[in-house]
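Peer 1: Questions regarding the structure given below will be posed in turn.
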Amino acid sequence: MSSVENTGERKIVTFLLGKQMFGIDMSALIEIREWEEPTPLPSVPAHIKGVTNLRGHVVPVVGLAERLGWAPSVLHSRSCILVVNIGGKHAGFLVDEVADIVAVDEGSIQPAPSVESFESGVISGLVQVGQRSSEGAEDKEQTMVSLLDLETLSPTRHMDLAA
Numbered sequence: 754m755s756s757v758e759n760t761g762e763r764k765i766v767t768f769l770l771g772k773q774m775f776g777i778d779m780s781a782l783i784e785i786r787e788w789e790e791p792t793p794l795p796s797v798p799a800h801i802k803g804v805t806n807l808r809g810h811v812v813p814v815v816g817l818a819e820r821l822g823w824a825p826s827v828l829h830s831r832s833c834i835l836v837v838n839i840g841g842k843h844a845g846f847l848v849d850e851v852a853d854i855v856a857v858d859e860g861s862i863q864p865a866p867s868v869e870s871f872e873s874g875v876i877s878g879l880v881q882v883g884q885r886s887s888e889g890a891e892d893k894e895q896t897m898v899s900l901l902d903l904e905t906l907s908p909t910r911h912m913d914l915a916a
């Protein structure tokens, strides 16, 4: 693979789950919504919080922390739902706090390490990003961001695989 293929910029939305920074591709984001309690559904996995109405469309809301196998997020004033498009279907992911929108160089994205995990493929890559200071200037401090593979996290993935 030549370096020409890896050049290019990609915008990602970064957000916090606990103390860990994650990111998703900006092109998948539909909107960021304030947390509101979704309508619960019976007989669904615990990480499915329920459904919400997004301009006439029923959207499943996923507790991302639980989906990743962590303790549930503690709701607070900065909790929000990232509504994303995954293969033409909408889903909402509960996150602790949206951090920033950053541009990263495609060539700076490292592959996720091969480690034994409950579910492989959740992390599509890792990238270092500069933290923005309170004054808005780029700070020297770098943070590792885990890029999530939305296809793997899709709340309808298991149904899609069975079809």
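The numbering of the sequence shown is our numbering, which starts it at 754 and goes up by one.
From the three backbone atoms N, C-alpha and C, an ideal C-beta is built for every residue, glycine too.
1) Alpha carbons only, please: which of Val857, Pro795, Val797, Lys764 is nearest the one belonging to Leu782?
2) Closest to Val880 by C-alpha separation, out of Leu847, Ser873, Ile862, would be which residue?
3) Using CA coordinates, which residue listed in Leu817, Arg786, Ile876, Pro793 is at the minimum distance from Ser830?
4) What separation, rounded to the nearest whole angstrom, lies between the Cα atoms of Val898 and Ala865?
5) How about Ser832 and Val848: do their beta carbons lie closer than 9 Å?
6) State the Cα-Cα distance for the pair Gly771 and Val827, rounded to the nearest angstrom.
7) What number of angstroms, rounded off, separates the C-alpha of Asp913 from the C-alpha of Val857?
8) Identify every run of the alpha helix (DSSP H) within the segment 766-808, keeping only runs that are complete inside it and at least 4 residues long; order them along the chain.
9) Hey, how far is the Cα of Ser907 from the Cα of Glu850?
10) Output the boundary residues of the beta strand (DSSP E) element that contains Ile844.
11) Just checking my contact of Thr805 with Glu784 at CB under 8 Å: how many whole Å lie between their CB atoms?
12) Flag this pair as yes or no: are the beta carbons of Phe775 and Leu903 separated by less than 9 Å?
13) Let's test the definition: count the other Cβ atoms within 10 Å of the Cβ of Asn759 and tell me whether it reaches 16, buried, or not, exposed.
14) In the DSSP assignment, the beta strand (DSSP E) including Leu817 goes from what residue to what residue?
Peer 2: Walking through what the data contain:
1) Minimum Cα distance to Leu782 is reached at Lys764.
2) Ile862
3) Arg786
4) 11 Å
5) A contact, by the Cβ cut-off of 9 Å.
6) 9 Å
7) Its pLDDT being 43, under 50, Asp913 is placed unreliably by the model, and nothing is read from it.
8) none
9) 20 Å
10) Before going on, a small fix: residue 844 reads as Ala here, not Ile. Taken as a continuous stretch (DSSP letters only), the beta strand (DSSP E) holding Ala844 covers 842-848.
11) Thr805 to Glu784, Cβ: 12 Å. No contact.
12) Taking 9 Å as the Cβ cut-off, Phe775 and Leu903 do not qualify as a contacting pair.
13) With a pLDDT of only 47 at Asn759, under the threshold of 50, the placement of this residue in the model should not be trusted; the figure read from the coordinates follows. Looking at its Cβ environment, which holds fewer than 16 other Cβ atoms inside 10 Å, Asn759 is exposed.
14) From DSSP, Leu817 is part of no beta strand (DSSP E) but of the alpha helix (DSSP H) over 817-820.
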